[in-house]
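Take any residue in the sequence shown, note its place counting from 1, add 159, and you have its number in my numbering.
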Amino acid sequence: MKKPELINYNGKTFFFMDFSNMKTKEEVITLIKPSAEYIRSQPEQSVLTLTNIGGMHFNSEIKNAFTDFISGNKIHVKAGAVYGLGGLQRIVYNGLMKVTGRDLRSFETMSQAQEWLSSMS
């Protein structure tokens, strides 16, 4: 089972969530639950999130779980970066950003996402 973790890059700490290749709602929820607990326990506008969703499957249940997760984290996240989006994932992702009112930036690679996040002051 994948667990969220704190990683350091260029002197910044990111809250890293790896949803890559997850196919079921149960898998996704096992990562969302501890991630939400951590993020929502942090001060407002303090968390930098880094998320891998490469190869992840989306269906309506997973989309709904992500909508609740992303919406509930909004006040705690200073900036967020996502990488690994495929074609259909990008469509779902763009829809999630509109529904939740969030602006989580998407990147092709982890290193691009980390560089952008590390530039956040």
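Ideal Cβ placement from N, Cα and C applies to all residues, glycine included.
Give me, in chain order, the residues of the same chain whose beta-carbon lies closer than 8 angstroms to that of GLN273; leave out the 5 immediate sequence neighbours on both sides. TYR168, ASN169, PHE173, LEU209, ALA240
Express the C-alpha separation of GLY246 and SER230 in angstroms, rounding to a whole number. 23 angstroms
Less than 8 angstroms between CB atoms is the rule here; does VAL236 satisfy it with respect to chain D? The structure shown contains no chain D; it is built from a single protein chain.
Does MET269 come out as helix, strand or coil in the three-state DSSP assignment? helix
So, does the segment 181 to 190 touch the segment 246 to 255, judging by three or more C-beta pairs under 8 angstroms? no
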